[in-house]
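Engineer: Just so you know, we're using the numbering used here here: the sequence shown kicks off at 51 and counts up by one.
Sharing a structure here in structure tokens format.
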Amino acid sequence: MRRAVADLRAKAATARRKWLPLQLPDPRRGVGLVRSEIERLLAVLQIKNPVQIKWAPDLREDWTATHSWLTSDQRHVIRLRPDRAADDVSRSLLHEAVHMAQSEAYESPGAWHAAYARQKDAGYQENAYEREARLTVIEFATDFRLAMPV
Ligand SMILES: [Zn+2]
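Structure (structure tokens):
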């Protein structure tokens, strides 16, 4: 049993490494992700599924990042606008990581999407998941340097 758990953990770590960029500097603004800090955050939050982080220059102008938990392969995908300052990217990545942890409290991406949708009437500001993510960023932003100028 212990062996099976260790194997699963190793598999999850390998899957995660496959998707995590070591450093992905944006050619225009020179912001890089700090892999060791991201790994530490994912460990603290006990994220079990693979995580893929990509720069997304086409993301809505008023957003810095988005999180999706894919139903296809249970992979988390974080998209980040590359034209933001390192501190903004770091805080946004922390915010989206909270959504990863929140979503994994549900048994499937579908169950998470349904739970999130039940908050729709509250609006973005009062949405319980968004409030938790914002408060977590206020509390822990200085503990995790997830992006740095490069
Ligand atoms: Zn959010």
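For every residue, glycine included, the Cβ atom is placed at its ideal position computed from N, Cα and C.
The model shown is predicted, which means the values in this text are computed figures rather than measured ones.
Going by the C-beta, is A183 closer than 6 Å to any heavy atom of ligand 1?
Structural biologist: It does: the Cβ of A183 is within 6 Å (strictly closer) of some heavy atom of ligand 1.
Engineer: Say yes only if the C-beta of E180 is nearer than 6 Å to one or more non-hydrogen atoms of ligand 1, and no if none qualify.
Structural biologist: Correct: E180 has its Cβ closer than 6 Å to ligand 1.
Engineer: Just list the residues that DSSP pairs P199 with in beta bridges.
Structural biologist: V81, per the DSSP bridge assignment.
Engineer: Report the rounded CA-to-CA distance for N99 versus S122, giving the unit in angstroms.
Structural biologist: The alpha-carbon atoms of N99 and S122 are separated by roughly 12 Å.
Engineer: Nearest-angstrom Cα distance between P159 and A151?
Structural biologist: Roughly 12 Å separates the two Cα atoms.
Engineer: Helix, strand or coil for L72, going by three-state DSSP, please let me know.
Structural biologist: With a pLDDT of only 42 at L72, under the threshold of 50, the placement of this residue in the model should not be trusted; the figure read from the coordinates follows. Residue state, collapsed to three classes: coil.
Engineer: Sort M198, A191, P107, E182 by Cα distance to R141 and report the nearest one.
Structural biologist: Of the listed residues, the one whose Cα sits closest to R141 is A191.
Engineer: Looking at L109: is its Cβ nearer than 7 Å to the Cβ of R129?
Structural biologist: For L109 and R129, yes; Cβs fall inside 7 Å.
Engineer: What is the residue span of the beta strand (DSSP E) that A147 lies within?
Structural biologist: Counting along the chain, A147 falls outside any beta strand (DSSP E), though it belongs to the alpha helix (DSSP H) covering 136-154.
Engineer: Using DSSP with H/G/I as helix, E/B as strand and the rest coil, what is K104?
Structural biologist: DSSP places K104 in strand when its eight states are reduced to three.
Engineer: Kindly give me the distance between the Cβ atoms of H145 and A115, rounded to whole angstroms, as I take these residues to be in contact under 8 Å.
Structural biologist: Right, the Cβ-Cβ distance comes to about 7 Å (below 8 Å), so this counts as a contact.
Engineer: Using a Cβ-Cβ cut-off of 7 Å (strictly less than) and excluding sequence neighbours within five positions of A165, which residues of its own chain qualify?
Structural biologist: So the qualifying residues of the chain are Y156.
Engineer: Should M198 and V84 be called a contact, given that it needs their Cβ atoms to be closer than 7 Å?
Structural biologist: Yes, these two residues count as a Cβ contact at 7 Å.
Engineer: What's the C-alpha gap between I103 and L95?
Structural biologist: Each residue's Cα considered, the two are about 16 Å apart.
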